[in-house]
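Numbering (my numbering), first residue to last: 13 to 241. Even for Gly, the Cβ is constructed at its ideal location relative to N, Cα and C. Note that the coordinates shown come from a computational prediction; the quantities given were computed from them, not determined experimentally.
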Ligand code: SAM
């Protein structure tokens with residue numbers, strides 16, 4: 013490994029374990045240690061690809077001491093990979109603070125993105141919605157700022173994309189029915205997995221469709237609101 017140390021931000025699959033690049037697999041094999049959101053989840057991926065690597069945990073609740081450990085490893089000139097449970101680390105996932113700290117404290121360490129799956133781009137790419145200019149909101153806040161955000165969604169002519177949980181999807185569709193009743197909305201569910209589906213309609217039509225099939229109010233969701241062409 014380079015004696016300056018490198019931090020690789022490695023995208024992993026969002027469901028289908030084949031969705032990982034050759035470069036990502038090589039990097040995961042070569043690095044000295046992989047910091048994982050959940051080591052058990054990453055082990056499944058590593059085992060599937062025959063990679064026997066040293067793993068450590070680094071998650072949303074990791075302390076500054078854990079970050080110190082990563083900084084120390086990088087100072088030794090080691091190669092470090094950061095992975096999350098699914099998709100691209102730091103995109104609605106842990107790692108932002110860590111990357112900012114490395115860039116600030118260790119400018120000699122290269123932070124290298126290893127691109128791959130992210131639910132936001134997977135959903136957008138197959139939606140047919142305008143995508144040259146879109147607004148990604150991550151997870152919507154539950155309370156503070158939520159109403160303001162719905163106001164912004166109503167105002168914008170851009171395609172809007174956000175992540176949502178199955179517990180909140182009906183409530184969110186209800187709010188969308190109030191602010192954008194006629195806009196075309198897509199729900200991308202369980203992308204790359206067995207029950208992958210795209211559903212389209214106005215917020216009310218989608219609510220009716222989930223009410224008719226309550227078994228489908230489960231899994232992982234991306235919500236997209238079409239912008240105007
Ligand atoms: N870093 C991830 C990425 O690059 O997409 C996102 C992590 S965020 C904690 C998890 C959320 O992403 C889920 O609640 C869901 O909204 C969305 N998501 C992740 N995988 C998905 C999938 N296979 N299908 C649909 N949405 C997914």
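Residues in the same chain with beta-carbon distance under 6 Å from residue 14, minus the five sequence neighbours each way, listed in chain order, please. One-based indexing of the chain shown puts residue 14 at position 2. Residue placement at residue 14 cannot be trusted, given a pLDDT of 47 that sits under 50; what the coordinates show is reported in the next sentence. Nothing meets the Cβ criterion.
Reduced DSSP category for residue 14 - H, G, I as helix; E, B as strand; rest coil: As a working note, residue 14 is residue 2 in the chain shown. Because residue 14 carries a pLDDT of 47, less than 50, the predicted location of this residue cannot be relied on, and the following value inherits that uncertainty. Correct three-state label for residue 14: coil.
Which whole-angstrom value is the C-beta distance of residue 165 and residue 19, which I expect to be below 8 Å? Taking the first residue of the chain shown as 1, we reach residue 165 at position 153. Taking the first residue of the chain shown as 1, we reach residue 19 at position 7. Not quite, the Cβ-Cβ distance comes to about 35 Å (not below 8 Å), so this is no contact.
Near residue 215, what residues of its chain come up, given a Cβ to Cβ distance below 6 Å and the 5 sequence neighbours on each side ignored? On the chain shown, residue 215 is found 203 positions in, with the first residue counted as 1. These residues qualify, in order along the chain: 185, 188, 189 and 197.
Beta-bridge partners of residue 197, as assigned by DSSP: Residue numbering aside, residue 197 sits at position 185 when the chain shown is read from its first letter. The secondary-structure analysis by DSSP pairs residue 197 across a beta bridge with 213 and 237.
Provide the residue(s) that pair with residue 46 in DSSP beta bridges, ordered along the chain. Translated into the one-based positions of the chain shown, residue 46 becomes position 34. According to DSSP, residue 46 bridges with 67 and 93.
Exposed or buried, which one is residue 60 when buried takes at least 16 other CB atoms within 10 Å? As a position in the chain shown, residue 60 is number 48, starting the count at 1. Answer is exposed; the Cβ neighbour count stays below 16.
Any heavy atom of the ligand SAM closer than 7 Å to the beta-carbon of residue 70? The sequence position of residue 70 within the chain shown is 58, counting from 1. Relative to the ligand SAM, even the nearest heavy atom lies 7 Å or more away from the CB of residue 70.
Tell me the rounded alpha-carbon separation between residue 24 and residue 235. Taking the chain shown and counting its residues from 1, one reaches residue 24 at position 12. Taking the chain shown and counting its residues from 1, one reaches residue 235 at position 223. Taking the straight line from one Cα to the other gives about 21 Å.
From the DSSP output, in three-state form, read off residue 119 for me. Counting from 1 along the chain shown, the entry for residue 119 is found at position 107. Residue 119: coil per DSSP, three-state reduction.
Cβ-based neighbour list, residue 162, same chain, cut-off 6 Å, excluding 5 preceding and 5 following: Along the chain shown, one-based indexing puts residue 162 at 150. Excluding sequence neighbours, residue 162 sits near 187 and 191.
Please classify residue 30: does DSSP put it in a helix, a strand, or coil? For the purposes of this step, residue 30 is taken as residue 18 along the chain shown, with counting starting at 1. Residue 30 carries a coil assignment under DSSP once its states are collapsed to helix, strand and coil.
Check whether residue 54 and residue 33 have beta carbons under 8 Å apart: Taking the first residue of the chain shown as 1, we reach residue 54 at position 42. Taking the first residue of the chain shown as 1, we reach residue 33 at position 21. In this structure, residue 33 does not lie closer than 8 Å to residue 54 by Cβ.
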